[in-house]
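Residue numbers (our numbering): 395 to 1068.
So, in structure tokens, the structure goes:
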């Protein structure tokens, strides 16, 4: 059994498993339950994606919010995810056909992350937090499903589990390529749905943007093998037990078999959520419910047996079912606190903001997964730049480490610095992981306070864990980033030099953390105008990323973009142009013409043309960027203003003054104009 590369297979959807079903003849409402007040709405989201006015967006936003208010679930069609992308379901089905022995080698090792394979009967999905009750449920009525969970492959804290190439030729690369394409597409949909929620709650459309831009998402491939109905008749038995999801949103792509049931929040009766062709199921998670003061529901749901085929007078067999769940989460360092607009007069909060008096970190909900994507920075005056790099690796403490640190006397200092955090007793073991992570990150934006706290933590961890422990290196890198924010660049250089030297020796030249530290030092040199030193380091990052991750990997492209920006600052236009062209064309091919990263690459490339007085070439790219950004992220977004301003300058250079004046007038009326 072999696997096609996704780059080829995305074009071949004809033979693939389709995660769809037959269409309902009646549009607008789906899944009419026995209780007529309970309906999962079917929403055409293309009307939001293609809207040309805020009023058009609000109509769709109201539908989305009302669906989450009433049911906690919606169906979305017109979501923008191509059928060809979903065709990867065929590969996931092939994986589950492997011999059990081969799959068991990939079983997850860390219960906090669940990365890897889960055999039939190993799990019992439940809302219970009682370990004894969970063990009893798993023993008496385990879930009759198997799954494979995949996350960001660079994240070595929560490691993906991959089969040997000889067992499943091409599977790892297929899944990695798919995860890259699929996760970016789903991430974009996550952003758009959260924007519609913001509008529906009378917030700024971009309210959630900065809290959800780090792609803290997981992909779960699910397979429900055929099973005799008699085995599903035990008390409490289901294909997947009743549960809610932990994040902000879950995107579910299911085949035509069915079996998903949603609990009516009013009657507590579970009712079917049948598959609809071309639509995906989206449900709100616990974190979004907490964010919204339970105005938006995180609803219990489960998977039961669909209609079965009789195999004898007394027995029937349920059909196999395939699905893909994409769990969307906010950033690991996002503040999750009840939205003030959703506090009910005289009632206060339905859901408290957690144990930390108004601050509820996303890490509480998704397993202390504090590692942020390794995003590199593209700088440059008058150049659109990508997301700024901040090393938010965090400290993935073991409980014994956290216990040692608190016993060593850091706790009183933390309590003093962060007076709104409660003092934890040493015996409160389940909370120590969260506590230490929050102490480091709560005041990350207030750098002066963070610096003194990080100094204490860094010195203590050095003493407790040693100079070469990965957590020590992470803490040192975090402290260096705080120094950078304070403008203390010489200290940044010194500290990162130690981190790089030790990381190379302990972790290796190719390790993501080593590359991150090298990139950070390159950006420090960039800030100091030390172009040759910045260039030599960024070349290392780029070439290593290309070799280890591949030419098309986002990290490789960002490293190329960074190097182009270093050339840009030295007026080395042709060298910058050649790198930018590769970045732009690769993103077009992998991410699509409309993706924000593609548009940023096009904008950068256009400005390099303009620096060489190649105005017509600049104009052709800038027109595409501006018109696309008018459509998404929208007329009111700051990126759209930047695109308008760039094209305005090009028109001026071409002496097309009337067109330039029209754009200038539009820019002056933009809400982000200063």
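Ideal Cβ placement from N, Cα and C applies to all residues, glycine included.
What residues are listed by DSSP as bridge partners for residue i?
| i | result |
| --- | --- |
| residue 677 | 467, 644 |
| residue 926 | In the DSSP output, where bridge partners are listed per residue, residue 926 has none listed. |
| residue 711 | 622, 703 |
| residue 722 | 643 |
| residue 634 | 697 |
| residue 510 | 543 |
| residue 492 | BP columns for residue 492 are empty, so no partner. |
| residue 375 | It is not possible to answer for residue 375, since the shown part of the chain is limited to 395 through 1068. |
| residue 600 | According to DSSP, residue 600 bridges with nothing at all. |
| residue 554 | Partner(s): none; residue 554 has no beta bridge. |
| residue 981 | For residue 981, which the question treats as bridged, DSSP gives no partner whatsoever. |
| residue 856 | In DSSP, residue 856 forms no bridge with anything. |
| residue 501 | 511 |
| residue 998 | Residue 998 pairs with nothing; no bridge assigned. |
| residue 612 | 721 |
Under 7 Å Cβ to Cβ from residue i, same chain only, skipping five residues before and after it: list those, please.
| i | result |
| --- | --- |
| residue 928 | 916, 919, 920, 960 |
| residue 573 | 544, 613 |
| residue 1033 | 1023, 1027 |
| residue 678 | 462, 466, 643, 690, 691, 692 |
| residue 587 | 458, 643, 676 |
| residue 667 | 425, 434, 467, 654, 655, 656, 675 |
| residue 1053 | 1045 |
| residue 993 | 1019, 1022, 1023 |
So for residue i, helix, strand or coil by DSSP?
| i | result |
| --- | --- |
| residue 893 | helix |
| residue 665 | strand |
| residue 670 | coil |
| residue 656 | strand |
| residue 538 | coil |
| residue 1063 | coil |
| residue 776 | Note on residue 776: pLDDT 30, under 50, position unreliable in the model; the coordinate value appears next. Three-state result, residue 776: coil. |
| residue 1027 | helix |
| residue 793 | Bear in mind that the predicted position of residue 793 carries a pLDDT of just 26, short of 50, making it too unreliable to give a figure here. |
| residue 955 | helix |
| residue 716 | strand |
| residue 872 | helix |
| residue 1050 | coil |
| residue 880 | coil |
| residue 770 | Reliability fails at residue 770, whose pLDDT of 28 lies under 50, so the model's placement of it is uncertain and the value that follows must be treated cautiously. Coil at residue 770, not helix or strand. |
| residue 617 | strand |
| residue 946 | coil |
| residue 914 | helix |
| residue 1039 | helix |
| residue 590 | helix |
| residue 687 | coil |
Cutting at 6 Å between CB atoms, please list the residues of its own chain near residue i, excluding the five before and the five after it.
| i | result |
| --- | --- |
| residue 722 | 584, 611, 641, 642, 643 |
| residue 510 | 500, 501, 502, 555 |
| residue 337 | For residue 337 there is no data in the structure shown, the boundaries of the chain being 395 and 1068. |
| residue 1100 | The first residue shown for the chain is 395 and the last is 1068, placing residue 1100 beyond what the model contains. |
| residue 1064 | 1035 |
| residue 618 | 539, 633, 715 |
| residue 597 | none |
Going by C-alpha distance, which of the options is nearest residue i?
| i | options | result |
| --- | --- | --- |
| residue 883 | 702, 922, 544 | 922 |
| residue 456 | 637, 589, 662, 509 | 589 |
| residue 602 | 711, 728, 1065 | 728 |
| residue 972 | 982, 986, 983, 954 | 954 |
| residue 901 | 880, 1067, 926, 866 | 866 |
| residue 460 | 471, 434, 446, 451 | 434 |
| residue 1067 | 1055, 1056, 450, 1035 | 1035 |
| residue 894 | 965, 881, 871 | 871 |
| residue 864 | 987, 633, 907 | 907 |
| residue 444 | 497, 488, 978, 1029 | 1029 |
| residue 595 | 726, 1014, 494, 451 | 451 |
| residue 487 | 958, 888, 608, 541 | 541 |
| residue 508 | 480, 857, 996, 553 | 553 |
| residue 878 | 862, 1048, 911, 899 | 911 |
Excluding the 5 residues preceding and the 5 following residue i in the sequence, name in chain order all residues of the same chain whose CB lies nearer than 8 Å to its CB.
| i | result |
| --- | --- |
| residue 463 | 689, 690, 691 |
| residue 989 | 578, 582, 981 |
| residue 925 | 919, 960, 963, 964 |
| residue 702 | 623, 710, 711, 712, 713 |
| residue 930 | none |
| residue 967 | 961, 1002, 1005, 1006 |
Beta-carbon of residue i versus every beta-carbon of chain B: anything under 7 Å?
| i | result |
| --- | --- |
| residue 542 | Annotation note: the requested chain B is absent from the structure, which comprises a single protein chain. |
Relative to the ligand ATP, is the shortest distance from any of its heavy atoms to the C-beta of residue i smaller than 6 Å?
| i | result |
| --- | --- |
| residue 586 | The ligand ATP is not part of this structure, which contains no ligands at all. |
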